[in-house]
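As they're listed, the protein sequences go chains A and B. Counting along the first sequence from 1, when you hit position 399 you're at 399 in the UniProt record's numbering, and nothing is skipped either side. Counting along the second sequence from 1, when you hit position 171 you're at 171 in the UniProt record's numbering, and nothing is skipped either side. For reference, the structure discussed in these notes is given below.
There are 2 protein chains.
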Amino acid sequence: MMSGGQFELFQKLLSNVNQNSLFYKEKFEKNGIKVEDIKAPEDIKNIPFTTKEELRDAYPLGLQAVSDEKVVRIHSSSGTTGKPIIIPYTAQDVEDWAVMMARSFEIAGVTPLDRVQITPGYGLWTAGIGFQAGVEKLGAMAVPMGPGNTDKQLQMMMDLKSTVIIGTSSYALVLAEEVERRGIRSEIKLRKGVIGSERWGEKMRQRIKNELSIEIYDIYGLTEIYGPGIGIDCDCHEGMHYYDDYLYFEIIDSETGEVLPEGETGELVITTLRKEGAPLVRYRTRDLTRIISGKCRCGRTYPRIDRIIGRTDDMVKVKGVNIYPGQIDEVLKEVEGASSEYQILIDHINGKDVMTLKVEYNSDGDTDRSDIEDNIVDIFKKRIGIQIIAEVSGIGSLPRSEKKSRRIIDYRHC
Amino acid sequence: MMSGGQFELFQKLLSNVNQNSLFYKEKFEKNGIKVEDIKAPEDIKNIPFTTKEELRDAYPLGLQAVSDEKVVRIHSSSGTTGKPIIIPYTAQDVEDWAVMMARSFEIAGVTPLDRVQITPGYGLWTAGIGFQAGVEKLGAMAVPMGPGNTDKQLQMMMDLKSTVIIGTSSYALVLAEEVERRGIRSEIKLRKGVIGSERWGEKMRQRIKNELSIEIYDIYGLTEIYGPGIGIDCDCHEGMHYYDDYLYFEIIDSETGEVLPEGETGELVITTLRKEGAPLVRYRTRDLTRIISGKCRCGRTYPRIDRIIGRTDDMVKVKGVNIYPGQIDEVLKEVEGASSEYQILIDHINGKDVMTLKVEYNSDGDTDRSDIEDNIVDIFKKRIGIQIIAEVSGIGSLPRSEKKSRRIIDYRHC
């Protein structure tokens, strides 16, 4: 439920977008929303959600809610599927984002003495420059590498004695494996990793953590809402703190749209309480998580969400059962000898769904390959309720990528 | 000659680096320099130059002149030849650079209503983020594209109605030619181009200017001294204004090291008057230019340097004569029908230097190919004093690059 302070910001937001955002003016009119009818926090449920499709349809600058002079920057989603979403930022938005990012680094224990190697991309994407602004606001040293060029990354990591690495989990794994392969672990001075932008499991986390000898923090964010840095793990690693002075989070049932009680898992919906360039009201993120009740052991009062367990788009129905990548991780965590790298193949053969789970395993271990396969099948059946085929193969046999790994391949609609 | 205000900053700089920069402390000691002996502006000539090689030898962080907590960022030269040069920046350095860049945009007539498409790279390179910081400080809209992906560049240019393009001259030419080829000129709303980072000639300037219908401003800078944005053309286009409140410029004879009188062409030497992270004293830029006397017609009091006519490294001696790329441009400007794209091949055959100048020509024009070739040979002989071979070929036949074009190929030492 919204606090009084949040509701005040929320009412300001509504009257602002109703006046200055053509996008929301039309949307509210179409849906018969009168902002003066929103009198109490519980009235928020009457306001329709904003969807990714609507943001795409607003291309190029339909979301802009300030005059042109006030916009200092745009960012954009990749637009790999359909039109990209373009988000205009004011100077205040850029500043607010940097404040949140710096706060995130602080929560992760990064200090002005750290040297932070930034491996995500710059340009239209929000990642690189967003991380850099936060590092600089905190007063640490940004080592702005951008993506790829693993040789140079490792060289700089050694020569500059980088202490913090920022990247996707896939790329962190690439680096970890390369450090191992080259036998240069003793020359790597990393102490922390800030990892974001894709779902990843416990096993992968353990591998990166062990091979690089770092403590890992999940950072959350999305282009539509500033970018990365709107939430992060603390040292307790019991969910990600997010900033309720800038953002209002709700969890909804992604099929019915109903707001779920605290603690239940569903789709995260975000309202920006202070954004100027492109404010969003009840934006459906498609990310699946839950709000964690109670105060964190770290003592911080910022509320928390759990790790993202998947996206509504990643959710696949196999034999009538909803499966999220997050559940696969839960299964693999229980299987002795199985690695965190997996791929799911779904087929429809003789009128029945067939799901194959490909997993990497450590062939140096004690556990036999076929035992691991049997184990996966058993635990999957027990935990998720369906019969699958398990195929394990050696470390490095599944595809790695410097961007997000494609984990689910559904052949049923090909 | 230094002004009183500059000299005050200069003395502060000397005592600062003498205390806080191990690099300069050792250099001054080795050269018997006592900073207290520098009592008047003319004493600056007693201080030894700083060279690119010394900066390379200081890899990785030997130039740093502040404590680690104060450094918020590094940038680096590309390091294609030998070790890269790494420059640490404090928050104040980042701010000062943004102030100079915003000033540069203002001088070029960019306003808060402009939409500025940034095509140089981000990351370790100083270009992308430097331009972006200036655009944002000015309050214009940054469209942060980064390099390459010409399809997407043109799409965004049309969809976002970009009014200013920033890039290298080579890439601006790629874009201009592509706009022409696709017949989309009427959909391009560009009005200005801010072009930097490589030498380029009048003909190329005219082609980009005409094909994109823009006014073009040369911007100057180098990684070692902040990055781009330390000087720029105004509407008078009679040299680039530079910022004598941040930087002190001298022109020297690159062979003798003697300071040249105002107006004479030589190597530009820069002293940073306010830089904290990596201050530089009498840094030899290797860029060839001259200081332009008198006040600019625009009324601005910032002093001016002429366009960079080449680099001391680009200077080639052919048949005993020094040739700079800038002189080639001067020749080509006079040749009817010749384009601005050229390449120089130098060989040593039968004990003699042979120089071939390859030039593109517009085959739609009235001038005959062999006439153009004869003309080039004649004017070259008259202007520069040596006999060359000229070879003209159609537009597009010489290599284009999205980075800096390689114009001089010297086979004599292969």
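Beta carbons: idealized from backbone N, C-alpha and C, even for Gly.
By the Cβ neighbour-count rule, Val-321 (chain A) is exposed, with fewer than 16 other Cβ atoms within 10 Å of its own. Under the 8 Å criterion on CB atoms, Ala-142 (chain B) is classed as interfacial with respect to chain A. The bridge partners DSSP lists for Gly-299 (chain A) come to none. Using a Cβ-Cβ cut-off of 7 Å, Ala-98 (chain A) is close to nothing in chain B; its nearest Cβ partner there is about 12 Å away. For Leu-113 (chain B), at least one C-beta of chain A is nearer than 8 Å to its own C-beta. One thing to note: Val-194 (chain B) has its Cβ within 8 Å of the Cβ of Val-164 (chain B). At a beta-carbon threshold of 8 Å, none of the residues of chain B lie near Pro-120 (chain A); the nearest stands roughly 10 Å away. By the criterion of at least three beta-carbon pairs nearer than 8 Å, the region 351-358 of chain A is in contact with the region 385-399 of chain A.
When CB distances to chain B are screened at a threshold of 7 Å, not a single residue of the region 276-287 of chain A falls below it. Against chain B, the beta carbon of Ala-176 (chain A) has no neighbour under 8 Å; the closest one sits roughly 22 Å away. Against Val-94 (chain B), the close residues of chain A are Glu-136, in the order they occur along the chain (beta-carbon pairs closer than 8 Å). Chain B places a beta carbon closer than 8 Å to that of Glu-69 (chain A), counting this residue as a contact. Spanning the alpha carbons of Ile-33 (chain B) and Leu-288 (chain B) requires a straight line of approximately 28 Å. Between Thr-271 (chain B) and Leu-280 (chain B), the C-beta spacing is below 8 Å. Excluding the 5 residues flanking it on each side, Ser-397 (chain B) has same chain C-beta neighbours closer than 8 Å at Glu-360, in chain order.
Cβ neighbours of Val-72 (chain A) within its own chain (closer than 7 Å, five residues either side excluded): Tyr-89, Thr-90, Ala-91 and Val-94.
With respect to the C-alpha of Lys-83 (chain B), the residue from B:Lys-52, B:Glu-106, B:Ala-108 and B:Val-66 having the closest C-alpha is B:Lys-52. Using a Cβ-Cβ cut-off of 8 Å, Asp-159 (chain B) counts as an interface residue toward chain A, since at least one Cβ of chain A sits closer than that to its own. Secondary structure at Tyr-171 (chain B): helix, using DSSP grouped into helix, strand and coil. Between Ala-58 (chain B) and chain A, the shortest Cβ-Cβ separation is not below 8 Å. Not a single C-beta of chain A is nearer than 8 Å to the C-beta of Ile-328 (chain B). In the structure shown, the three-state DSSP call for Phe-105 (chain A) is helix. By the C-beta density criterion, Tyr-243 (chain A) is buried, having at least 16 other C-beta atoms within 10 angstroms. Burial state of Asn-210 (chain A) is exposed, judged by a 10 Å Cβ sphere holding fewer than 16 other Cβ atoms.
Rounded to the nearest angstrom, the Cβ distance from Ile-291 (chain B) to Phe-249 (chain B) is 7 Å, consistent with a contact under 8 Å.
Taking Asp-314 (chain A) as the centre and dropping the five residues before and after it, the same chain places the C-beta of Pro-325 closer than 6 Å to its C-beta, in chain order.
Against chain A, the beta carbon of Ile-129 (chain B) has neighbours under 8 Å at Tyr-122, Ile-129, Gln-132 and Pro-144, listed in chain order. Taking a C-beta distance under 8 Å as the contact criterion, Pro-41 (chain B) and Phe-7 (chain B) qualify as a contact pair. For Val-392 (chain A), not one C-beta of chain B is nearer than 8 Å to its own C-beta. Taking a contact as a CB-CB distance under 8 Å, the pair Gly-263 (chain B) and Ala-65 (chain B) does not count as one, their CB atoms being some 34 Å apart.
Near chain B, meaning a CB-to-CB distance below 9 Å, no residue of the region 183-197 of chain A qualifies. The secondary-structure analysis by DSSP pairs Val-318 (chain B) across a beta bridge with B:Val-321. Taking Lys-275 (chain A) as reference, the option from A:Leu-63, A:Gly-299, A:Leu-212 and A:Glu-54 with the minimal CA-CA separation is A:Leu-63. Pro-41 (chain B) carries a helical assignment under DSSP once its states are collapsed to helix, strand and coil. Using a Cβ-Cβ distance cut-off of 8 Å, the region 230-240 of chain A and the region 295-308 of chain A are in contact, since at least three pairs of beta carbons, one from each stretch, lie closer than that value.
Against chain B, the beta carbon of Ala-91 (chain A) has neighbours under 9 Å at Glu-136, Lys-137 and Gly-139, listed in chain order.
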